[in-house]
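So the structure is just underneath, and the comments pick up after that.
Protein chains: 4
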Amino acid sequence: MSKASLMIKHDVLKESKQILVRFSEVDSMSIVWHGSYVLYFEDAREAFGKKYGLTYQTYFDNGFYAPLVDMHFEFKHPLVHGDTARIEIEYVPVQAAKVIFNYKIYREKDNMLVATGNTTQVFLDSRYRLVLYNPEFYTEWKRKNNVL
Amino acid sequence: MSKASLMIKHDVLKESKQILVRFSEVDSMSIVWHGSYVLYFEDAREAFGKKYGLTYQTYFDNGFYAPLVDMHFEFKHPLVHGDTARIEIEYVPVQAAKVIFNYKIYREKDNMLVATGNTTQVFLDSRYRLVLYNPEFYTEWKRKNNVL
Amino acid sequence: MSKASLMIKHDVLKESKQILVRFSEVDSMSIVWHGSYVLYFEDAREAFGKKYGLTYQTYFDNGFYAPLVDMHFEFKHPLVHGDTARIEIEYVPVQAAKVIFNYKIYREKDNMLVATGNTTQVFLDSRYRLVLYNPEFYTEWKRKNNVL
Amino acid sequence: MSKASLMIKHDVLKESKQILVRFSEVDSMSIVWHGSYVLYFEDAREAFGKKYGLTYQTYFDNGFYAPLVDMHFEFKHPLVHGDTARIEIEYVPVQAAKVIFNYKIYREKDNMLVATGNTTQVFLDSRYRLVLYNPEFYTEWKRKNNVL
């Protein structure tokens, strides 16, 4: 049996979100302040959540919180005020009770890759205790979206 | 000759900064929003810069910008509104034309480690072109502080 | 001659901008944090600037800055995470060398008025000195848009 | 009976808070972005709350929220990165069920007044309904502090 046939085949879940750089996101070097990218990632995560039904509200309605435990940014080229950027977010399937996303940000006018990164979320129950198993609603969500 | 005697001995440059968690830094989970840690790291970097003479103004006065090209955060325990935290920042000596810091954030009341991370800055000249060599002022700064 | 016929008739310059409430804009009361409205007003101002050709870049290209000197907010009803809101911005014609806007924010789902406010900007020259007369480019802009 | 003797004599409740302008608070005009002042007012309000026992937690523990319904800023002189500023906050006694503060921000190095403003908070109960009477804990707080 070939190796390929043993590999788990997941669907690729992704979403894309366009943002316009705000004046307030630019620093005194006249480029987008690195902290603004936290918001760009969040915008992408919310767009993904809306598309696939996995939002903060989904977590909450099922009795969980899903705070970030890890985030990483690499900045390759600066964005400036007035630039339009496109954030591509992709779900990373893992067996652990985690929600992991990869991000790529492109400048729209020339499709230049300006930043990449990733975030990891874990589950806390309503008393803020870490949940080590996959919550049932999340396993269900993974099954439905073919990323189990 | 022993290996130890060949090792470069750098001074350890570090600073510590206390912050009080603001109401606006807390999200609807009632814990500090992950994006707020970008500000905490920045606060620590500014305190370090003041202590050792390596601030945004230092870069600028020497004809350079020093934007972040990489930042990484790991969140271990949540902070809540009203908590006092202590950010410890340490300079990481490298030969490349980079400014690298490690960070550790502790909750003051019980000294619990709540977050760690690091940032990397590079040098751009006044026309925003990447500078691959160590700027003279920076080499001088490293020599003076015994981290060359 | 009637009073009405003596009144200056200006065009009404307005723009409308839709925003989606971000998770990070919500505070631990689970409503949008008051400071987030500063961004909403800014979003509206940028949309207006794009439509009518009066942006930070316009000011800058003509040798001026136009910082805010006054801003006022009234909050009538809370917005929550996931709400869509519509910001309506209207230019307020005045003879003084000022740029004044009125704002109204509505919750889209039921058209409820959630906040109002206004901002005033003045002109500084490139050396940050207050400019008391109307810059030529601005007078020209007012004439062209029939708000002189 | 003279007019003066009829006037209510309140104690003046005030607090002062020093802040250091962060790099991220400065915009591409190299001056503090107007939105940053929302944080400065909040810092002052929290310092006041700590001193006099009237914080978000106080409201919450008594079953109330106290969101802002009005905020106003006047900017007189710009602050720049590295400036130290002093925010003076003063409680404004009123009979209505409101918490009103006046603010003055000074640049420390020359005591120049850079901004003024005020905020008004109202009380909501735990179901977010407006409370028109003074909550008992607040009346008690006013009595204790001689501002009733």
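Chains as they are written, first to last, in the numbering used here: chain A, 1 to 148; chain B, 1 to 148; chain C, 1 to 148; chain D, 1 to 148. Glycine included, each C-beta is placed from N, C-alpha and C at the ideal position.
| Item | Value |
| --- | --- |
| Please report the distance separating the alpha-carbon of Phe137(B) from that of Pro93(B). | 16 angstroms |
| List, in order along the chain, the chain F residues whose C-beta lies closer than 7 angstroms to that of Ser126(C)? | Among the protein chains in the structure shown, which are A, B, C and D, there is no chain F. |
| Please look up how many angstroms separate the CB atoms of Phe75(D) and Pro67(C), rounded, as I've assumed it's under 8 angstroms. | 7 angstroms |
| Taking only beta-carbon positions, decide if His81(B) is within less than 7 angstroms of chain A. | no |
| Around the C-beta of Asp27(B), are 16 or more other C-beta atoms found within 10 angstroms, so that it is buried, or is it exposed? | buried |
| Could you check the C-alpha separation between Val12(A) and Thr139(A) for me, to the nearest Å? | 16 angstroms |
| Can a CB atom of chain B be found closer than 7 angstroms to the CB of Met112(A)? | no |
| Give a yes or no on whether the minimum CB-CB distance between Ser36(A) and chain C is below 7 angstroms. | no |
| Mind checking which residues open and close the beta strand (DSSP E) that includes Thr58(B)? | No beta strand (DSSP E) contains Thr58(B), which is instead part of the alpha helix (DSSP H) from Tyr56 to Asp61. |
| Roughly how many angstroms lie between the CA atoms of Ile87(C) and Glu25(C), to the nearest whole one? | 16 angstroms |
| Excluding sequence positions up to five away, which residues of its chain have a Cβ less than 7 angstroms from the Cβ of Leu124(C)? | Phe64, Tyr65, Pro67, Leu130 and Val131 |
| When you compare the CB of Val26(D) with every CB in chain A, is at least one pair closer than 7 angstroms? | yes |
| Using the rule of at least 16 other Cβ atoms within 10 Å of the residue's Cβ for burial, across every protein chain shown, is Ala115(C) buried or exposed? | buried |
| Opposite Leu113(B) in the DSSP bridges: which residues? | Tyr106(B) |
| Using the Cβ count rule (16 or more neighbours within 10 Å means buried), how would you classify Leu113(D)? | exposed |
| From the DSSP output, read off the bridge partner residues of Asn118(C). | His72(C) and Asn102(C) |
| Have a look at Lys9(B), His10(B) and Ile19(B) and flag the residue whose alpha-carbon is nearest the alpha-carbon of Tyr106(B). | Ile19(B) |
| On the three-state DSSP scale, how would you describe Ala85(D)? | strand |
| Rounded to the nearest angstrom, what separates Thr58(B) and Arg127(B) at their Cα positions? | 17 angstroms |
| By DSSP's criteria, Ser16(B) is part of a beta bridge. Which residues make up the other side? | Glu88(B) |
| If we count the other Cβ atoms within 10 Å of its Cβ and call it buried at 16 or more, is Glu108(A) buried or exposed? | exposed |
| Rounded to whole angstroms, what is the Cα-Cα separation between Gln95(B) and Gln121(B)? | 13 angstroms |
| Under 8 angstroms, CB to CB, which of the residues in the segment 54-66 of chain B have a partner in chain D? | Thr55, Tyr56 and Gln57 |
| Could you please give me the residues that DSSP links to Asp125(A) through a beta bridge? | Phe64(A) |
| Classify Tyr91(D) as buried or exposed, calling it buried when 16 or more other Cβ atoms lie within 10 Å of its own Cβ. | buried |
| Which value, in whole angstroms, describes the spacing of the CA atoms of Tyr169(D) and Thr84(A)? | Only positions 1 to 148 of chain D appear in this structure, which leaves residue 169(D) out of reach. |
| With a CB to CB cut of under 7 angstroms and the five nearest residues on each side skipped, what residues in its chain are close to Asn145(B)? | Asp11, Leu13 and Tyr52 |
| Are His81(D) and Val21(D) closer than 7 angstroms when you measure CB to CB? | yes |
| Count the other CB atoms within 10 Å of the CB of Lys142(A); is the residue buried (16 or more) or exposed (fewer)? | buried |
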